Structure formats: structure tokens, C-alpha cells
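Trainee:
Number of protein chains: 2
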Amino acid sequence: MSTTSEEITDAQLVEIYQFAVDLGKKAGAKLMDGIHARIGGIISDISSNVATNASMTSNLAFEEKDNAVDIVTQVDEVERFIHEAISTKYPTHKFIGEETYAKSSSSAREYLITSEPTWCVDPLDGTVNYTHMFPMFCVSIAFIVGGKPVIGVIYAPMLNQLFSSCLGRGAWLNESTRLPLIRNTRGSISNDNKDNFGIPPMPDNAPGKCIFSCEWGKDRRNAPGGNLRKKINSFVNMAAEKGGENADGLRGMVHGVRSLGSATLDLAYTAMGSLDIWWEGGCWEWDVAAGVAILLEAGGLVTTANPPEDPDTAKIEDVRLGSRLYLAIRPAGPSATETGRQTQERAVREVWKRVKHLDYSRPGA
Amino acid sequence: MSTTSEEITDAQLVEIYQFAVDLGKKAGAKLMDGIHARIGGIISDISSNVATNASMTSNLAFEEKDNAVDIVTQVDEVERFIHEAISTKYPTHKFIGEETYAKSSSSAREYLITSEPTWCVDPLDGTVNYTHMFPMFCVSIAFIVGGKPVIGVIYAPMLNQLFSSCLGRGAWLNESTRLPLIRNTRGSISNDNKDNFGIPPMPDNAPGKCIFSCEWGKDRRNAPGGNLRKKINSFVNMAAEKGGENADGLRGMVHGVRSLGSATLDLAYTAMGSLDIWWEGGCWEWDVAAGVAILLEAGGLVTTANPPEDPDTAKIEDVRLGSRLYLAIRPAGPSATETGRQTQERAVREVWKRVKHLDYSRPGA
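If you read the sequences in order, they're chains P and A. FYI, in the working numbering the residues of the first sequence are 20 to 384. FYI, in the working numbering the residues of the second sequence are 20 to 384.
1) What separation, rounded to the nearest whole angstrom, lies between the Cα atoms of L42/P and D29/P?
2) I'd like to know if Q93/P contacts chain A, where contact means its C-beta is closer than 9 Å to some C-beta of that chain.
3) Quick one, which of G300/P, I163/P and P219/P has its alpha-carbon nearest R248/P's?
4) Only counting the same chain, and skipping five residues up and downstream in sequence, which positions put a Cβ closer than 6 Å to that of D267/A?
5) Under 9 Å Cβ-Cβ, which residues of chain P neighbour M291/A?
6) Could you please give the first and the last residue of the uninterrupted beta strand (DSSP E) stretch that includes I160/A?
7) State the start and end residues of the unbroken beta strand (DSSP E) segment that holds R277/P.
8) Cβ closer than 8 Å: which chain P residues qualify as neighbours of V370/A?
9) Between the Cα of W371/P and those of L314/P, W235/P and W298/P, spot the shortest distance and give me the residue it belongs to.
10) Could you tell me the alpha carbon to alpha carbon distance between V97/A and N224/A, rounded to whole angstroms?
11) Does the separation of the CB atoms of W138/A and I173/A fall below 9 Å?
12) Classify Q93/A as buried or exposed, calling it buried when 16 or more other Cβ atoms lie within 10 Å of its own Cβ.
13) Which residue's Cα is closest to the Cα of L286/P: E316/P, H274/P and A258/P?
14) Could you give the first and the last residue of the continuous beta strand (DSSP E) run that contains A347/P?
15) Taking the CB atoms as reference points, tell me whether P220/P and E357/P lie closer together than 9 Å.
16) If you follow the beta strand (DSSP E) that F254/P is part of, which residue opens it and which one closes it?
17) Counting only C-beta atoms, is N224/P closer than 9 Å to chain A at any point?
18) So what does DSSP say about T137/A, is it helix, strand or coil?
19) Could you check what DSSP says for F216/A in three-state terms: helix, strand or coil?
20) How many angstroms separate the CA atom of M177/A from the CA atom of P243/P?
21) Identify which residue in A46/A, A161/A and A290/A has its Cα closest to the Cα of W303/A.
22) Give me the Cα-Cα distance between V374/A and E234/A, rounded to the nearest whole angstrom.
23) Which chain A residues sit within Cβ distance under 7 Å of S278/P?
24) To which residues of the same chain is N203/A closer than 6 Å at the C-beta, ignoring the five residues directly before and after it?
25) Given a limit of 9 Å on CB to CB distance, which residues of the segment 174-189 of chain A reach chain P?
26) Roughly how many angstroms lie between the CA atoms of D52/A and A46/A, to the nearest whole one?
27) For Y288/P, go through chain A and note every residue whose CB falls closer than 8 Å to its CB, in chain order.
28) In whole angstroms, give me the CA-to-CA distance for V91/P and H151/P.
29) Give the straight-line distance between the Cα atoms of E264/P and V255/P, rounded to the nearest whole angstrom.
30) Verify the CB distance criterion: does A333/P have a CB-CB separation below 9 Å to chain A?
31) Suppose you measure from the CA of P327/A to the CA of E364/A; what does that come to, to the nearest Å?
Dropping the structure here:
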């Protein structure tokens, strides 16, 4: 027996949201345990009281090979913890986890999210950052109904930043600050606009003045026509306008380029308004489901990374979660002449004109 | 009357170090005041009790133009605070601050650091991140004697990470954890090696398996032969090995590429061991002085970004602080066949083979 989307009431959704936030905090704390175990040895044992016993050296895990094994084991445990908590509380809900999926026998990498209530979880996004103790890593938990992410929880414990959202209830930083953070001083606040007060439009000349976020990714086959070369060409087109009338190289260039090594946090920071544009191909639904929920609830736009034949007029479709192709625009308010959505759509079209078509196909997506 | 390097005793250096750490904390707190003033309005005023009085809207500053002015004013104040504290405590020391320097009448941008005891300060590195409330910003304070940075303090208040070092006393995270954080499980700990215990060598095939950090920067003149094109070509060479015997694109490619938007934090994270290699041209001494102090004290290597004529045999010179050309390698321990320094120098030579010669000249440097 499975629950369908119609059966989830508003009160149930709020309960599920609170459960998801609590679960995210606990899972993030488990990730931090791994960090503390590694640096704890350096703090207390090495710098003050030197000993050579085995219990101490076992705290200090960074040797390349051992460390990789340790991390995989630890991340498996975090996913199992999350899975068990969900199965106990909501036994009828489906569960898709990054670690479980990656180990499944299916070589086809099918898209498995249906219309049923489904949890989509990445116990650790930003694995390379985590092994290097670079703070840009997080746990990501999404609850999906009817194929759409309705609850998102992203917790980056080393940054002490918890991003969360529930459909119709806004997106939040650390449960207290409404997203996006960026706000204008213009206009006046009323009860009608208090949630969206002063959110700036996308810049007139976007992607000019924008912070552009992109990832070099793991797919490094440097074949002609391959995804890596297409990605790099796209980055360069975004960063520096080439030739044409504006050979001074100033027109349309972005204000900054960032690569954090975590697709999930790219989306979270786009929801904050810290990043204006994120463009990526190749990541998976567990990397983005919670981030998409949070960004949409904050007022952002998410569509496909791949430019259509006519970028000026093509319909801007909602993102398909399993498409592995994502273009995200931060929340935006109205300008003097456009609605917030119009400024976002203008930015989408300008990005599409500068980026290449990436090849990521997917059975079932 | 000026103090020369000979006149600073060890006891004085320790006192100066404590003063610098304290100053960094206070300056960072001032930067966070600006963040709290902006998001404070959203938390307490908008989401609960809506009002339209002027005192509230003045808290919400993000309109592009106003915001830029506000930020400059605020950063000036932080620099003035640091400058006054130093002048009061150490009236004979020289002071070079980013904001003061940028506003000086000198169009030559001369390098002004001499052999005298000098403070070199950037009140805010990562300005674009700060205006976007992206946490990768910091205050940077260096104390330089005889032209060499001997004390470094970098405080990233939104990350709650304080990096500090004093010549001969190690480099530290939050005053309690010895840098680098990355450590092996191999070997045994003794009093002789406790500070350097288990630091992994640079990888055998570096830059393979390395996290490479680079910044697209502000210099976007996209002229043929210009710095931007040379930078981008270098990034691509580091990320994806081209052609030759290993056309599969696997040889030598880095494990990850990161761009944080803060040169200072790039150096701090290299000292942590979170980033393995940082390569950059165009930034200034206040961007790097504290980071160089911390990285060197942690056991890292800093030299020039620009490849010599024979990268395989050229002497690896110490970095020149005013050169605007930097290549940093993380702290490294010995491998089975090499000293830690040898693994770092090998990495330097392999980077030099992949990067372009950048054009940044400087009177007096």
C-alpha cells in the first residue's frame, strides 16, 4: 500500500517538515563527528600530551587510501541513519539515497522518482571538500510529492548554516532568517509584501554584474565535443565577452566566478542571493532536490542548462528533476519596467546564448 | 625615529602576536555588525512585526549603488579602527592599508614595504562576497620585519574561522588546532615530530589528485595575449591534460578546481591543507601578506606564479611579497623516497609546465 500525494494534508506536511529539519541537524552532527575525530587528535593529543598508543593514531585518519575507505563507511552510516529514521516514522514513503543508489545493481542509472511521496537524500554532498576539511560540504534531504520537491533541508555543519523550506511556508536560514538575504532599501513595507520586500531585480545587463557559479565536475574526458570542453567554453563565454562590437571585453561579463565543489550548496547560496546564476550539467537528483525546493520557495527560478533552438522565444520550462541539466537564477523582485520573473527569464535567455549544449541522457527521466 | 628589525625581541614579538590576534577578532566582529544590520531587519522586523519607519528601512541596505557606498564607508571605518589601534600601541611601526593605499595620490602603485617593522592590512578581502553575504570574506593583518611577514592573522567571521601564526610558534586554527589539519595515520608520534606528525606528501603525480584553487579576478580585458586569456588557458591546462600520449585526458588532471573569490582565504585554506595548490597573478601585498606568513609557518611553500625558462631545473626562489605573482603549495611531509620539501618542489615544477607567464609589473617590488 502506498500513499498518494492527495493523502498528505497540510498538517501532515508541517509535521514532516519539522521531522526533516531535525533529521538534517542530526545527520550533519554525525558528519562533524568525523571531522572532530580527525582534528581532535591534533588538538588534544599532539599539541599538549604526546602519546603513541593505538587509540590515538586511530583518530588521525588522512592517509589517501585508508581515508577514502573510512569516509565511504562513515557516509554509508549517515545514510543508513537517515533511512532508518524515515522508515520508522513514515513506513509507506519511498526512499532514494545517493549511497544506496550508487551501489545498486542497475547499471542503467534509471530515474526512480514517481508520483508517490518520496525522500531523496544525499548524506554528504561535497565529498572531496569533506575529505580535505574544506567547509563547503553538507547533508541534503528532500521530500518529494507528485514528482515535485516540496520540502528541502540542507545543513552545512562546519559553516553552521541550515537552509530549509516547506511549500508555501518560505525558505529560511537557520530557521530564523527569511531567504533571500539580499534586500533593497527602496520602497515601503506592508503586510502584503513583507516576505518579498526589497528583493532586487536581476541586473539590467545580466549576466553582467552577476556572480556566476559553476563546477568543473568529475567528468574530465577531454575529447573534442565532449562535455568538459563544452563546459569550459561556456565558463569562458560567461566570464569574458568575446569580439563583436564590444571588443573591449566589457559587455556582458560576469562580476565574479565561483566554484565551491558542492552542487547542493551552489543552490542554497543561490537561494540566499549570494550567487546570482548557477549553471551545471551532470549531477543527480539527490544533489539538487533539496536545493531546488529551497530555491523555488525563496522565489528563484530553475530550468534546463541546455539552450533551446531559439533562446529568445522558447518557453522556459520548469526543471525536470532527473534531467541532470540545471540552470538556476536567484530570487528577484521587480524593476521599474519588469516583474521579478521577467528579469529572471531575461537572465535565463542571456545565459542560454552563451552556453553550450551538454550531453547527459537518462532512462526514465 | 624608526625601529629596525634587530630591535624586536622575542618577548616583544609574542606581545605583538597577541595584540594582532585580538585586533583581528575585533575587526572581524565589526564586519559582522554590517551583516547583522542588513539581515537583522529581515529577521526581527519583517517576519514578525511589520513597520514602515525610517530606522527600520535604514537597516536593509542592498540597493546596488547605495550598498556599494555603504560598504566602502564601512570598510574605511574598519581600516581606520585597525590603524588607530596600531598607531596607539606601536607608534614607531609603519602602516600600509588597502583602503589608504588605494586612495593615495600615487598613480604608480609603488611597493612601499621596506626593512622597517610594518603592518600590512586588508580590512576586508572578498568584498564582492561580503556584499552578497557569501561567507568567504575576511580581515587580514600581517606584521612584517625585514621585508618578511612574521605574524599573520586572518579572521573570517561568518565562517567562525581564525587563522594565525607567529614565526617559530606554528600556525593555528581558532588558536587551538595546529595547521595543517590534514594528517596521516602512518608512523609514530614522538616529541621530535609532534608538530609535523603525519602530514601527507604531495601526491606522486601532482597536480593529479590535487585540489587546485584559482581566481578569475577582476582583470577582464579579453585581449589576445592578455592576462585573462593566459589565466584561463592555465586553468584548463591544470584541469584537463591535453593530447600527447595520454589522450584519454587522465594524466595530470587535478582532482578539483575551486574559486572562492578571496585570495587571502585561498592561502589560509592552503595552510589548512584543504587546498593543495593555489596559483594567482594580480593581487596585492595586503591580500597575501598574512596568508604567506601563516602558510610558511604551517610548512607550506610560496614562490612565483610565473614559470622560469627551464621549469625542471630553475631554482625555486622565495616569494617576493610585492611581485603580484604567487604560487602556493600546501604543507607536505616526506614520502618513501622524498623529503616533504622535495614533493612540494616537484609540484611547483609540474604547475610551472602547465601555466602561462602573466604580465604584472610593479615599481619598487
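Virtual Cβ for every residue (Gly too), placed ideally from N, Cα, C. Predicted model, so just to flag it, every value in this text is computed and none were measured.
Mentor: In short:
1) 20 Å
2) no
3) Nearest option by C-alpha distance: G300/P.
4) Confidence at D267/A is low in this model, with a pLDDT of 42, below 50, so the placement of that residue is unreliable and no value is reported for it.
5) H151, M152 and F153
6) C157 to V164
7) G275 to R277 is the extent of the beta strand (DSSP E) around R277/P.
8) Per Cβ cutoff of 8 Å: no residues; V370/A is ~17 Å from chain P at best.
9) W298/P
10) Between V97/A and N224/A, the C-alpha separation is close to 44 Å.
11) no
12) buried
13) E316/P
14) Element bounds for A347/P: L344 to I348.
15) At the C-beta level, P220/P and E357/P come within 9 Å of one another.
16) Where F254/P is concerned, there is no enclosing beta strand (DSSP E), although the alpha helix (DSSP H) it sits in stretches over N246 to A258.
17) no
18) strand
19) When DSSP states are grouped into helix, strand and coil, F216/A belongs to the coil group.
20) 42 Å
21) A161/A
22) 14 Å
23) V276, R277 and S278
24) G217 and P219
25) M177, L178, N179, Q180 and G189
26) 10 Å
27) F153
28) 14 Å
29) At E264/P, the pLDDT of 35 sits below 50, so the modelled position is not reliable; the number obtained from the coordinates is stated separately. Near 18 Å, if we compare the C-alpha coordinates of V255/P and E264/P.
30) It does not; no Cβ of chain A falls within 9 Å.
31) 14 Å
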